[in-house]
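Asks: In the working numbering, the protein residues as written are 1 to 380.
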Ligand SMILES: Cc1ncc(COP(=O)(O)O)c(C=O)c1O
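1) Measure the alpha-carbon distance for residue 143 versus residue 173 and round it to whole angstroms.
2) Less than 7 Å between the C-beta atoms of residue 18 and residue 70, yes or no?
3) Flag this pair as touching only if the region 249-266 and the region 148-160 have three or more C-beta atom pairs under 8 Å; answer yes or no.
4) By alpha-carbon positions, which one of 43, 56, 55 and 39 ends up nearest to residue 49?
5) Identify the residues that DSSP records as bridge partners of residue 341: which are they?
6) In this structure, how does DSSP classify residue 253 when only helix, strand and coil are distinguished?
7) Between the alpha carbons of residue 105 and residue 242, how many angstroms are there, rounded?
8) Among the candidates 101, 187, 338 and 346, whose CA atom is the shortest distance from the CA of residue 137?
9) With DSSP run on the structure shown, which of helix, strand or coil describes residue 80?
10) Any beta-carbon of chain C closer than 7 Å to the one on residue 182?
11) Under the assumption that residue 332 contacts residue 351 (Cβ atoms under 8 Å), give the Cβ distance between them as a whole number of angstroms.
12) Pull up the distance between the alpha-carbon of residue 13 and that of residue 257, whole angstroms please.
13) So, with DSSP's three-state summary, where would you put residue 88?
14) Helix, strand or coil for residue 364? Go by DSSP, reduced to three states.
15) Am I right that residue 284 and residue 157 are in contact with their C-beta atoms under 8 Å? What's the rounded C-beta distance?
16) Any idea which residues DSSP pairs residue 148 with across the strands?
17) Taking the alpha helix (DSSP H) that residue 225 belongs to, which residues open and close that run?
18) Among all the DSSP beta bridges, which residues are the ones paired with residue 124?
19) How many Å lie between residue 386 and residue 219 at the Cα?
20) Could you please give the first and the last residue of the uninterrupted alpha helix (DSSP H) stretch that includes residue 72?
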């Protein structure tokens, strides 16, 4: 299938076919898994298949990367063994004394990675409130190479105006990278001008809570993306062939799963908003969300993640997950099963998250069952 043909397809069609072909050797319809770490050379020393050693490339990784680039609307992708490895490779592509600007509310693992490791390697980092565009303008310096963004933010669902960030970052000579983990296929950072999109594909892409993986996708081939690719191949934080296969298989149903995650989440958010024990519901699809207008401009749907704050104290919030039967008490998101978590206790002492906040990852169960489960847990 020609790349040009695929780029005209709608997302549902691309998701089923991108990076897939009938296996020439066997006629297999499902993608074979190539566990081999090494590939035979021809007598002239070349590698006719294009593969030589699996850290460098592998048929399952190549197929996954092709599909990731097509589905996100980019040109090239590099797959990694986790979302965190993808983030690391992006920052490793920079040089000491390069300056980066990062949201103070980014995923807490990224904040730790930057503070504990990259600051030591002399990357210069400013953490700012990325919803404040003046703060971004004021933080830009001649050495600023990259502005990092994440929208909606975790766990309070603040949105950043991605088109505005792109304009400011580009005017300052910096690249704009977006962690789009929470909004795959429902928010299109490349269409808004972003240069790089990162995903923890552990989440919605894999979709079944059974594979850890990540990716960086570039709008265009560039020297910067080539450096990320170099880190991928030389540092070796690559996903194994079976991991690639699992993520690629998950992707076939991603557009339809996203639709259901979002529909379910809207129902649950509306229920929570009407509940007398709850003081705030953070969900961009609700009219009460302070940035609902921006959500309508920037997102096609509003995602499967919700957080809410109880009127009571943090100790009550910590106990609430114990009362649920359909939701599982666990971290992470984007799987078929709904998860519930008291967020501050997982983020640790540096957490800025209110003690009364509970985060939900809404799965694919029937929304009435999810609502009934929350209703019984919230009943006094
Ligand atoms: C928004 C976001 N970015 C990055 C990551 C890191 O991904 P991984 O756990 O695959 O390393 C996570 C994990 O929860 C996340 O939620």
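All C-beta atoms, glycine included, are put in the ideal place defined by N, C-alpha and C.
Replies: Well, looking at it:
1) Counted from its first residue, the chain shown places residue 143 at position 143. Counted from its first residue, the chain shown places residue 173 at position 173. Taking the straight line from one Cα to the other gives about 9 Å.
2) As a working mapping, residue 18 is identified with position 18 in the chain shown. As a working mapping, residue 70 is identified with position 70 in the chain shown. Yes, these two residues count as a Cβ contact at 7 Å.
3) No: fewer than three Cβ pairs fall under 8 Å.
4) Taking the first residue of the chain shown as 1, we reach residue 49 at position 49. Ranking the options by Cα distance to residue 49, first place goes to 39.
5) Residue 341 sits at position 341 when you count from the first residue of the chain shown. According to the DSSP secondary-structure assignment, residue 341 is paired through a beta bridge with 359.
6) For the purposes of this step, residue 253 is taken as residue 253 along the chain shown, with counting starting at 1. Residue 253: coil per DSSP, three-state reduction.
7) The residue you call residue 105 lines up with position 105 of the chain shown. The residue you call residue 242 lines up with position 242 of the chain shown. Answer to the nearest angstrom: the Cα atoms are 33 Å apart.
8) Here residue 137 corresponds to residue number 137 of the chain shown, with the count starting at 1. Out of 101, 187, 338 and 346, 101 has the C-alpha closest to the C-alpha of residue 137.
9) Residue 80 sits at position 80 when you count from the first residue of the chain shown. Three-state result, residue 80: strand.
10) The question asks about chain C, but that chain is absent: this structure has only one protein chain.
11) Numbered from its first residue, the chain shown carries residue 332 at position 332. Numbered from its first residue, the chain shown carries residue 351 at position 351. 17 Å between Cβ atoms; not a contact.
12) As a first step, residue 13 is located in the chain shown; it is residue number 13 there, counting from the start. As a first step, residue 257 is located in the chain shown; it is residue number 257 there, counting from the start. Answer to the nearest angstrom: the Cα atoms are 14 Å apart.
13) Here residue 88 refers to the residue found at position 88 when the chain shown is read from its first residue. In the structure shown, the three-state DSSP call for residue 88 is helix.
14) On the chain shown, position 364 is the one that residue 364 refers to. Assignment of residue 364 by DSSP, reduced to helix, strand and coil, places it in the coil class.
15) Locating residue 284 in the chain shown gives position 284, where the first residue counts as 1. Locating residue 157 in the chain shown gives position 157, where the first residue counts as 1. Distance from residue 284 to residue 157 at the Cβ level is roughly 6 Å; contact confirmed, criterion being Cβ atoms closer than 8 Å.
16) Numbered from its first residue, the chain shown carries residue 148 at position 148. Paired residue(s): 177.
17) For this step, residue 225 is matched to residue 225 along the chain shown. According to the DSSP assignment, residue 225 belongs to the alpha helix (DSSP H) that extends over 223-235.
18) Position 124 of the chain shown, counted from the start, is the residue given in the question as residue 124. For residue 124, the beta-bridge partners assigned by DSSP are 99.
19) Outside the displayed span of the chain (1 to 380) sits residue 386, for which this structure offers no information.
20) Taking the first residue of the chain shown as position 1, residue 72 is located at position 72. Counting along the chain, the alpha helix (DSSP H) containing residue 72 begins and ends at 59-72.
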